[in-house]
Amino acid sequence: ASGAEDPARAAYWSELGVAHFQRLDVPVTAVPVIDRMSAHAPEHIASIRAANYIYLSGGRPDYLARTLTGTPVWEAILAVVADGGLLAGCSAGAMIMGERFLGAPRSRRGFNLLPGVMILPHYDEMPGVAVRLIRRLAARRMTLVGIDGSTALTGTGSQWEVLGHGGVTIWQGNTVTRYDAGPVPPGVLPNARVVDAVDNDSAIM
1 ASGAEDPARA AYWSELGVAH FQRLDVPVTA VPVIDRMSAH APEHIASIRA ANYIYLSGGR
61 PDYLARTLTG TPVWEAILAV VADGGLLAGC SAGAMIMGER FLGAPRSRRG FNLLPGVMIL
121 PHYDEMPGVA VRLIRRLAAR RMTLVGIDGS TALTGTGSQW EVLGHGGVTI WQGNTVTRYD
181 AGPVPPGVLP NARVVDAVDN DSAIM
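See below:
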């Protein structure tokens, strides 16, 4: 998602991610998929297929969607998840997992791993007027999932749990419910086609 920035900046974000997982003593490789050309590179596809945890970082969700949609790298990511691996994303990497994500002047099509859902990272930083505008753009037909900073929404299929210091706020029509750390009741969120979202920042997993 940071591939739209200059190469040095994209490398900086990759190095941050690598350092984070190294502190956790987890083997990690930063795969430099920064445009559609690199999303077709055989060596990147091989690196992804060898993984069991894929993490999509922050940046621009529209750029991330354009870069990955319909590419061998995205197919490799889905194959990892189908084999029991985990897909996680923070910020833009979380936003594109919904059916739609916030864009201007209208919402854009996401990867639809969570059908009927629009994911809003950094929710605790959003002013109320911004949330009302987003609800209007979403025509209130989408379930809005707001993830606070330093918070993750994790799930496998139909079971979801909030982890971290903040909470997750879910808008369904005119009904809004906040969930702090702990399980989300069954049926509140749709079954995931694959997935995880995180905000270390905001995330979904």
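If you read the sequence shown in our numbering, its first letter stands for residue 1, the second for the next number, and so on.
From the three backbone atoms N, C-alpha and C, an ideal C-beta is built for every residue, glycine too.
The structure displayed is predicted, hence computed values, not measured ones.
CB of residue i within 8 Å of CB of residue j, strictly
{"i": "THR169", "j": "TYR123", "result": "yes"}
{"i": "ILE147", "j": "PRO127", "result": "no"}
{"i": "GLY173", "j": "ARG140", "result": "yes"}
{"i": "GLY58", "j": "ALA92", "result": "yes"}
{"i": "ALA192", "j": "LEU78", "result": "no"}
{"i": "ILE119", "j": "VAL81", "result": "no"}
{"i": "ALA39", "j": "THR71", "result": "yes"}
{"i": "MET142", "j": "GLY116", "result": "yes"}
{"i": "PHE101", "j": "PRO61", "result": "yes"}
{"i": "ALA11", "j": "ILE48", "result": "no"}
{"i": "GLY155", "j": "GLY166", "result": "no"}
Chain D contact for residue i (CB, 8 Å cutoff)
{"i": "LEU16", "result": "Structure shown: chain D not included; a single protein chain is present."}
Which residues DSSP lists as bridging residue i, in chain order
{"i": "LEU120", "result": "GLY146"}
{"i": "ARG178", "result": "THR169"}
{"i": "ARG206", "result": "Only positions 1 to 205 of the chain appear in this structure, which leaves residue 206 out of reach."}
{"i": "LEU114", "result": "GLY98"}
{"i": "VAL131", "result": "None; VAL131 has no bridge partner."}
{"i": "PRO183", "result": "GLU161"}
Residue burial classification, residue i (beta-carbon count within 10 angstroms, cutoff 16)
{"i": "MET95", "result": "buried"}
{"i": "LEU133", "result": "exposed"}
{"i": "ALA104", "result": "exposed"}
{"i": "SER202", "result": "Because SER202 carries a pLDDT of 46, less than 50, the predicted location of this residue cannot be relied on, and the following value inherits that uncertainty. Under this definition SER202 is a buried residue."}
{"i": "VAL129", "result": "exposed"}
{"i": "GLY110", "result": "buried"}
{"i": "HIS44", "result": "buried"}
{"i": "LEU189", "result": "buried"}
Q.
Across the region 75 to 89 and the region 45 to 56, are there enough close Cβ pairs to call them in contact, namely three or more that are closer than 8 Å?
A. yes
Q) Of all the beta strand (DSSP E) runs that stay within the bounds of the region 22 to 105, which reach a length of 3 or more residues? A) 53 to 56, 86 to 90 and 98 to 101
Q: Specify whether the region 177 to 191 and the region 147 to 165 touch according to this definition: at least 3 beta carbon pairs, one from each stretch, less than 8 Å apart.
A: yes
Q: Determine, using beta-carbon pairs with one atom in the region 66 to 75 and one in the region 33 to 50, whether at least three such pairs fall under 8 Å.
A: yes
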